[in-house]
Ligand code: DAH
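Residue numbers (our numbering): 354 to 708.
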């Protein structure tokens with residue numbers, strides 16, 4: 354059926370202005386009567402939508418007799434524009450009323466207490482790190498950091514560990530694929546070199562961070578944390594090293610701890626020592642934790658080897674220094690009586706929440 358036939362009655366009705374006028378009046382009344390957003394939308398569909406009388410009329414214009422086209426076009430479009438405006442005005446009015454209503458009814462009492470949300474805390478490893486950092490900060494040390502992806506030069510060579518040196522093989526190094534001289538640092542000692550390259554003595558710094566080794570059992574994880582220490586100045590002796598370590602051990606493990614130094618070997622210190630602390634569990638009498646020796650092995654240390662100074666252009670006749678390095682996990686385990694290092698990284702909240 355042609356549109357003309359289909360809308361015949363309607364068009365007939367609207368041929369006169371009165372027809373358009375009554376259509377307009379009906380639509381306008383519908384818009385005025387709409388009391389909320391849904392009613393407004395319904396009025397829009399009914400009076401301006403595709404199937405509304407007005408739209409049908411406007412669509413039929415091409416099929417009207419020529420002399421009627423301009424008249425119906427002109428007044429029809431005027432009517433549509435006016436109705437669109439009326440709709441927009443009414444919508445605004447309603448929104449205004451709705452806002453007033455919401456403002457009046459939805460008052461927020463800002464004096465009510467807020468909803469508490471659970472608060473996390475630092476992981477035990479970070480707590481231990483911060484505690485160690487605090488102690489050394491109190492001794493005048495500052496904190497320095499270096500990259501975890503390191504070059505062979507900083508991790509070994511400049512630490513007096515040349516290619517082929519047997520000490521390298523004890524490190525179970527992760528190398529970066531396809532790159533012979535790029536690796537994950539196996540210790541924090543390379544930060545010593547980076548610091549000395551950049552700065553002139555005196556240096557008093559500790560260097561915390563993650564280190565990596567191909568190792569995994571109850572006392573080893575492939576990633577763990579170390580803190581390195583470095584003191585470079587004039588007239589530094591081994592007595593300074595011993596006093597510093599003892600002060601630190603007493604601060605972290607209790608005032609009645611004593612330490613002992615045993616001769617050892619590290620490529621970058623000469624002489625080198627390992628430091629033990631008297632067992633804080635049995636007080637030195639001997640127990641399972643200290644394997645009945647009364648002593649716990651804690652860290653490696655020594656006087657900075659003059660060869661290392663050679664790599665950073667320091668004159669060993671003018672400055673001396675000591676260095677030490679320790680595992681943070683080991684200290685945390687001893688402090689809290691833990692037996693399995695892997696628990697630190699299992700992310701079991703029952704464990705983590707205890708600290
Ligand atoms: N870098 C050594 C390691 O990971 C630990 C160490 C020993 C660091 C002696 C030092 C040191 O600074 O003097 O096994």
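We put the beta carbon where it would ideally sit given N, CA and C, even for glycine.
Among the options, nearest to residue i - alpha-carbon criterion
i: residue 630; options: 382, 601, 468; result: 601
i: residue 555; options: 668, 381, 643; result: 668
i: residue 525; options: 396, 446, 568, 403; result: 568
i: residue 643; options: 620, 692, 380; result: 692
i: residue 390; options: 375, 446, 435, 381; result: 446
i: residue 576; options: 590, 619, 537, 586; result: 537
i: residue 650; options: 638, 663, 680; result: 680
i: residue 558; options: 418, 485, 514, 515; result: 485
i: residue 378; options: 400, 393, 392, 395; result: 400
i: residue 521; options: 480, 473, 469, 566; result: 566
i: residue 702; options: 394, 450, 469, 473; result: 473
i: residue 518; options: 394, 666, 618; result: 618
i: residue 666; options: 552, 607, 694, 396; result: 552
Terminal residues of the beta strand (DSSP E) in which residue i lies
i: residue 565; result: 556 to 565
i: residue 654; result: 648 to 657
i: residue 618; result: 612 to 619
i: residue 627; result: 622 to 631
i: residue 465; result: That residue, residue 465, is in no beta strand (DSSP E); it is neither H nor E in DSSP.
i: residue 524; result: From DSSP, residue 524 is part of no beta strand (DSSP E); its letter is neither H nor E.
i: residue 607; result: No beta strand (DSSP E) contains residue 607, which DSSP labels as neither H nor E.
i: residue 581; result: 576 to 586
i: residue 504; result: 502 to 504
Check whether residue i and residue j have beta carbons under 8 Å apart
i: residue 704; j: residue 696; result: yes
i: residue 429; j: residue 411; result: yes
i: residue 721; j: residue 594; result: Not covered by the structure: residue 721. The range shown for the chain is 354 to 708.
i: residue 661; j: residue 475; result: no
i: residue 685; j: residue 477; result: yes
i: residue 540; j: residue 563; result: no
i: residue 380; j: residue 436; result: yes
i: residue 434; j: residue 373; result: no
i: residue 656; j: residue 623; result: yes
i: residue 653; j: residue 637; result: no
i: residue 543; j: residue 482; result: no
i: residue 514; j: residue 616; result: no
i: residue 535; j: residue 527; result: no
Where the alpha helix (DSSP H) through residue i begins and ends
i: residue 641; result: Element bounds for residue 641: n/a, residue is neither H nor E.
i: residue 447; result: 422 to 458
i: residue 682; result: 681 to 689
i: residue 537; result: Residue 537 -> not in any alpha helix (DSSP H); beta strand (DSSP E) instead, spanning 535 to 537.
i: residue 704; result: 702 to 705
i: residue 487; result: 477 to 491
i: residue 408; result: 406 to 412
i: residue 390; result: 390 to 401
Any non-hydrogen atom of the ligand DAH within 7 Å of residue i CB
i: residue 573; result: no
i: residue 489; result: no
i: residue 676; result: yes
i: residue 514; result: no
i: residue 662; result: no
i: residue 579; result: yes
i: residue 540; result: yes
i: residue 625; result: yes
i: residue 590; result: no
i: residue 619; result: yes
i: residue 654; result: yes
i: residue 622; result: yes
Short CB-CB distance (under 8 Å) between residue i and chain B
i: residue 666; result: This model lacks chain B altogether; it includes just one protein chain.
Given 8 Å, three or more beta-carbon pairs between the region 488 to 502 and the region 543 to 551: yes
Inter-stretch contact at 8 Å, needing at least 3 Cβ pairs: the region 601 to 613 / the region 557 to 575: no
Stretch-stretch touch, CB-based, cutoff 8 Å, three pairs: the region 408 to 427 with the region 441 to 461: no
Cβ contact (3+ pairs, closer than 8 Å) linking the region 478 to 493 and the region 507 to 517: no
Stretch pair the region 675 to 682 + the region 581 to 594: three plus CB contacts closer than 8 Å: yes
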